[in-house]
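See structure below.
Protein chains: 2
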Amino acid sequence: MSNLELIKELSLTSPGKIVMLVIDGLGGLPNPATGKTELETARIPNLDNLAAGGICGLADPVAPGITPGSAPGHLALFGYDPIACNIGRGILEAIGIGLELQSGDVAARGNFCTVDSSGLVTDRRAGRIATEKCAELCKLLDGMSIDGVQISVRPVREHRFVVVFRGENLQTELTESDPQQTGLAPKQITAIHAIANGTANIINRFISQAKKILSNYHPANMILLRGFAKKPQFQTMQEIYKLKPVAIAVYPMYRGLAKLVGMAIAEAGTTLEDEFAALAQNYPKYDFFFLHVKWTDSAGEDGDFDRKVKVLEQVDAALPGLLALAPDVIVVAGDHSTPAVLKGHGWQPVPVLIHGRYCRPDGVKKFSEMAFISGGLGRLASTQIMPLAMANALKLAKFGA
Amino acid sequence: MSNLELIKELSLTSPGKIVMLVIDGLGGLPNPATGKTELETARIPNLDNLAAGGICGLADPVAPGITPGSAPGHLALFGYDPIACNIGRGILEAIGIGLELQSGDVAARGNFCTVDSSGLVTDRRAGRIATEKCAELCKLLDGMSIDGVQISVRPVREHRFVVVFRGENLQTELTESDPQQTGLAPKQITAIHAIANGTANIINRFISQAKKILSNYHPANMILLRGFAKKPQFQTMQEIYKLKPVAIAVYPMYRGLAKLVGMAIAEAGTTLEDEFAALAQNYPKYDFFFLHVKWTDSAGEDGDFDRKVKVLEQVDAALPGLLALAPDVIVVAGDHSTPAVLKGHGWQPVPVLIHGRYCRPDGVKKFSEMAFISGGLGRLASTQIMPLAMANALKLAKFGA
């Protein structure tokens with residue numbers, strides 16, 4: 001029996017409410033100029049107080065040394081095995097731009113690229129055309145129908161787009177068309193299993209038509225497709241935890257991930273203040289709240305240490321609004337670390353805090369990576385956070401007599 | 402290979418002796434009035450000394466967030482995977498009252514209940530009749546024989562009893578008779594697999610006869626049966642660890658669990674002092690001693706913080722008797738936490754201490770939950786305690802060359 005199956009057997013409905021505040025890219029590394037991390041630099045008295053009153057630790061989203069993407073990072077926070085529940089790239093890209101997917105749809109990541117007169121790829125990214133140009137070209141390709149399969153094409157950013165094929169009996173056992181280097185022609189899509197022959201044929205015909213349509217749009221005169229995937233079927237958080245969960249997230253990717261695990265989606269507005277207001281407004285209607293703060297991660301990805309510090313201080317300033325609701329259990333965590341000095345996601349474990357009346361105190365007084373090393377949660381897997389939150393909200397029955 | 406299979410391959414006989422002192426429900430939570438846990442409140446100089454001389458940590462019996470019952474809590478301490486080795490409820494109830502079970506026996510939990518003149522359940526617990534009344538009614542039902550199956554009925558407490566069916570080819574693939582709500586008739590027992598048809602028939606005939614016998618004993622005029630189970634077949638501790646293990650426990654449940662893993666059962670008397678005397682008396686005859694102290698858990702379950710503190714102090718006062726035997730390895734642990742503020746078992750990790758000449762020192766000076774966060778054992782699974790105790794007693798060979 002997997003851990004999640006055990007939790008499913010033991011979970012029960014209780015009045016307790018859980019707020020999980022996910023500060024994206026929460027953990028950091030020291031600024032070489034000061035020797036202090038983003039958290040150690042920020043003035044965050046409310047988070048410090050919460051740490052002093054709760055139980056703290058450091059969580060590995062996937063495993064020590066593994067740098068997680070946003071999807072595995074969040075799935076682990078929701079209690080799902082992030083390796084077993086890996087989501088196909090095409091689907092992630094579609095979710096990221098807020099596309100609604102149905103269960104038989106096949107999604108793929110697309111690149112506009114440049115081919116020469118012999119059809120050989122000279123630039124796999126079509127000179128990184130502007131996002132506006134990408135949107136314009138996607139409109140040319142969008143809305144085709146081939147053998148009853150409807151094809152949607154939507155822009156992502158620069159040369160990147162998403163294609164969704166919707167129809168009967170579409171399969172994903174397909175090779176990719178990207179030759180992965182210049183000087184070669186785009187590859188034919190072929191079926192890895194015979195069951196996908198029909199799908200390969202339709203996709204190749206789509207690519208041929210796209211080539212014709214784009215012939216006068218140099219440098220974006222061809223497309224490359226990869227990452228064919230269907231929407232995964234996960235057990236929902238309602239089924240596993242018997243919760244009524246809702247997501248409050250400004251960015252489509254996180255709303256999409258939340259939807260995959262069964263969460264309702266609240267109107268979250270566009271700012272941190274909007275999100276905390278949405279939390280208060282939705283508080284009576286649900287018992288699990290996933291509140292996602294994106295801007296810490298964006299600052300970390302940009303390598304902007306000071307901006308990440310500022311966002312942390314903004315989150316801290318908004319915290320009293322959350323505390324005023326007096327949730328039975330508060331979880332503060334991150335999906336992964338995004339140290340500004342790395343300018344990207346990192347493998348470093350992520351600070352996690354659980355606050356509730358049945359948390360056993362530890363000696364931690366500061367909300368920081370170093371202080372949390374000595375926390376009472378110790379070093380844990382991110383997948384263990386949900387069972388702990390459930391237990392602290394008195395939502396798990398005893399195992400065995 | 403499971404961890405236990407590895408240990409079995411490596412275990413060897415040596416003169417070293419291991420005493421495992423299990424303080425039931427050991428871990429606690431702060432008293433809101435003082436901010437101190439039961440362990441932090443108790444005067445326990447001998448345990449503090451042992452902690453200062455040993456290596457300490459915090460153990461999860463099943464997994465973080467999971468509140469263990471006594472059976473999984475103890476099986477984990479004995480090194481058995483508590484999820485794989487889950488024990489059926491009927492068997493646990495029988496063990497709890499000290500019933501001797503044979504391998505083909507089927508045991509079930511029973512309730513006396515009240516039915517109206519149409520046979521519909523009006524009270525699933527028969528008004529919680531007194532334990533004495535329960536014992537009297539059990540005698541009326543005890544000793545039947547149906548198609549050669551011998552049926553024993555023994556009181557547990559209030560309306561609860563145990564039935565054991567003993568005969569050829571009895572099976573447990575059965576539905577339960579408890580309708581789980583009032584206003585419904587007790588359900589017929591049916592076989593989930595055809596193999597259990599005969600068993601279902603016998604049990605239904607037993608229930609019919611019980612109904613006739615009890616007809617004039619309102620409110621206890623009917624019975625409900627559930628949790629049909631057979632005694633599990635575990636590898637013994639002799640087989641796995643090559644130990645000669647003995648249990649010293651006042652309460653039948655813990656003797657029963659010890660017997661399931663092959664331990665001999667010592668005459669333990671009725672008090673803490675009796676138990677420590679039994680340890681000394683049996684010391685020459687065995688090399689592994691499971692010494693079980695129940696009263697910490699009972700006090701915690703009653704929500705009696707001060708009584709739990711007092712029992713801890715009594716254990717501490719008895720400790721010199723154990724130390725005088727100079728065991729090669731002393732383990733002090735709990736099967737689970739029972740914080741008085743929770744009035745029941747908790748999910749919080751359990752303090753564990755290992756003392757022996759080859760333990761690497763840590764900086765811990767106090768026997769407390771918070772002090773043990775910084776212990777050298779760190780955060781571990783309770784199933785890892787036995788391998789550590791074995792290693793410290795020089796009872797495990799090297800793995801690989």
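Which chain is which? The protein sequence lines are A and B, in order. Going by the numbering used here, the letters in the first sequence line up with residues 1 to 401, in that order. Going by the numbering used here, the letters in the second sequence line up with residues 402 to 802, in that order. Heads up, the beta-carbon is just placed ideally off N, CA and C, and yes, glycines get one too. Values in this document were obtained by computation on a predicted structure and should not be read as measured data.
Cβ atoms of residue j and residue i: under 8 Å apart, would you say?
i, j, result
"B:GLY776", "B:ILE424", "no"
"B:ARG567", "B:VAL554", "no"
"A:ILE385", "A:VAL331", "yes"
"A:PHE276", "A:ALA318", "yes"
"B:HIS746", "B:HIS756", "no"
"B:PHE706", "B:VAL662", "no"
"B:GLY779", "B:THR739", "no"
"B:ASP579", "B:LEU542", "no"
"A:ASP60", "A:ALA389", "no"
"A:PHE288", "A:LEU322", "no"
"A:GLY27", "A:VAL350", "yes"
"A:ALA402", "A:VAL164", "Outside the shown range of chain A, which is 1 to 401, sits residue 402 of chain A, and nothing can be said about it."
"A:GLY334", "A:GLY96", "no"
"B:GLU574", "B:ALA592", "yes"
"B:SER699", "B:LEU440", "no"
"B:GLY714", "B:ARG444", "A quick correction: the sequence has Glu, not Gly, at residue 714 of chain B. Yes."
"A:ALA397", "A:LEU12", "yes"
"B:PRO803", "B:ASN447", "One cannot answer for residue 803 of chain B here, as it falls past the ends of chain B, which runs 402 to 802."
For the candidate residues the options, whose alpha-carbon lies nearest to that of residue i?
i, options, result
"B:HIS475", "B:ALA464, B:ALA659, B:ASP548, B:LYS409", "B:ALA659"
"B:PRO620", "B:ALA679, B:GLU559, B:PHE706, B:LEU778", "B:GLU559"
"B:ALA597", "B:LEU502, B:ALA630, B:ASN622", "B:ALA630"
"A:GLY183", "A:ALA326, A:GLY119, A:LEU6, A:HIS336", "A:GLY119"
"B:ALA803", "B:PHE562, B:ASP517, B:ALA734", "Outside the displayed span of chain B (402 to 802) sits residue 803 of chain B, for which this structure offers no information."
"A:THR296", "A:VAL309, A:ASP287, A:ILE207", "A:VAL309"
"A:ARG226", "A:ALA76, A:THR175, A:HIS193", "A:THR175"
"B:LEU493", "B:MET654, B:ILE649, B:PHE479", "B:MET654"
"A:GLY79", "A:MET237, A:LYS294, A:ASP116, A:GLY303", "A:MET237"
"B:LYS686", "B:GLY670, B:PRO646, B:THR671, B:VAL651", "B:PRO646"
"B:ASP763", "B:SER403, B:GLY428, B:PRO433, B:ASN450", "B:ASN450"
"A:MET222", "A:CYS85, A:HIS193, A:LYS187", "A:LYS187"
"B:CYS514", "B:VAL565, B:LEU430, B:ASN617, B:GLY458", "B:ASN617"
"A:HIS292", "A:VAL19, A:ILE202, A:PRO82", "A:VAL19"
"B:LYS796", "B:LEU411, B:ASN404, B:THR468, B:SER403", "B:LEU411"
"B:LEU502", "B:LEU459, B:GLU537, B:VAL522, B:ILE552", "B:ILE552"
"A:ILE83", "A:THR13, A:THR67, A:ALA397", "A:THR67"
"B:ASP524", "B:MET545, B:GLN582, B:GLN749", "B:GLN582"
"B:ILE649", "B:ALA681, B:GLY544, B:PRO633, B:GLU640", "B:ALA681"
"B:LEU500", "B:LYS632, B:TRP748, B:TYR759", "B:LYS632"
What does residue i touch in chain B if you count any residue whose Cβ is under 7 Å from its own?
i, result
"A:ARG360", "LEU430, GLN749, GLU770"
"A:LEU243", "What A:LEU243 touches in chain B: nothing, since even the nearest Cβ is about 14 Å away."
Can you give the beta carbon distance from residue i to residue j, rounded, assuming they're within the 8 Å contact cut?
i, j, result
"A:ALA278", "A:ALA266", "5 Å"
"A:LYS365", "A:ALA76", "Not really, about 27 Å apart at Cβ, beyond 8 Å."
"B:GLU794", "B:VAL730", "As written in the sequence, residue 794 of chain B is Ala, which differs from the Glu given in the question. Yes, they are in contact, since the Cβ atoms of B:ALA794 and B:VAL730 sit about 5 Å apart, within 8 Å."
"B:PHE773", "B:GLY458", "6 Å"
"A:ILE7", "A:ILE240", "6 Å"
Just the chain A side, please: which residues come within less than 8 Å of residue i by C-beta, in chain order?
i, result
"B:THR583", "Correct list: empty, because the minimum Cβ distance to chain A is about 21 Å."
"B:ASN404", "The contacting residues do not exist; B:ASN404 stays about 17 Å from chain A at best."
"B:LEU500", "By Cβ distance, chain A contributes nothing, its closest Cβ being about 15 Å from B:LEU500, past 8 Å."
"B:GLY470", "LYS398, PHE399, GLY400, ALA401"
Can you find a C-beta in chain D that's less than 8 Å from the C-beta of residue i?
i, result
"B:ALA741", "Considering every chain present, this structure includes no chain D. Its protein chains are A and B."
Can you pull the chain A residues whose beta carbon is under 9 Å from the beta carbon of residue i, in chain order?
i, result
"B:THR573", "Neighbours of B:THR573 on chain A: none; closest Cβ ~16 Å, over 9 Å."
"B:GLY722", "Result: empty, since nearest Cβ-Cβ is about 31 Å, beyond 9 Å."
"B:ARG544", "Going by the sequence as given, residue 544 of chain B is Gly instead of Arg. Those within 9 Å of B:GLY544 in chain A number zero; the least Cβ separation is about 27 Å."
Using a cut-off of 8 Å between C-beta atoms, extract the partners of residue i located in chain B.
i, result
"A:MET390", "GLY466"
"A:GLN235", "Residues of chain B passing the Cβ test: none, with the nearest at roughly 18 Å."
"A:SER374", "ILE774, SER775"
"A:GLY54", "Those do not exist, as A:GLY54 stays about 13 Å from chain B at its closest Cβ, beyond 8 Å."
"A:LEU92", "Correct list: empty, because the minimum Cβ distance to chain B is about 29 Å."
"A:GLY378", "LEU459, ILE774, GLY779, ARG780"
What residues of chain B sit near residue i, judged by a beta carbon separation below 9 Å?
i, result
"A:CYS387", "According to the sequence displayed, residue 387 of chain A carries Pro and not Cys. Near A:PRO387 (Cβ distances below 9 Å), the residues of chain B are ALA464, PRO465, GLY466, ILE467, TRP748."
So residue i contacts chain A; which residues on that side make the cut at Cβ distance below 7 Å?
i, result
"B:ARG490", "ALA401"
"B:ASN487", "GLY400"
In chain order, which continuous runs of the alpha helix (DSSP H) of length 4 or greater are located wholly inside the segment 547-633 of chain B? 598-615
If we require 4 or more residues per run, which alpha helix (DSSP H) segments fall completely within the segment 619-705 of chain B? 638-642, 653-661, 673-683, 696-702
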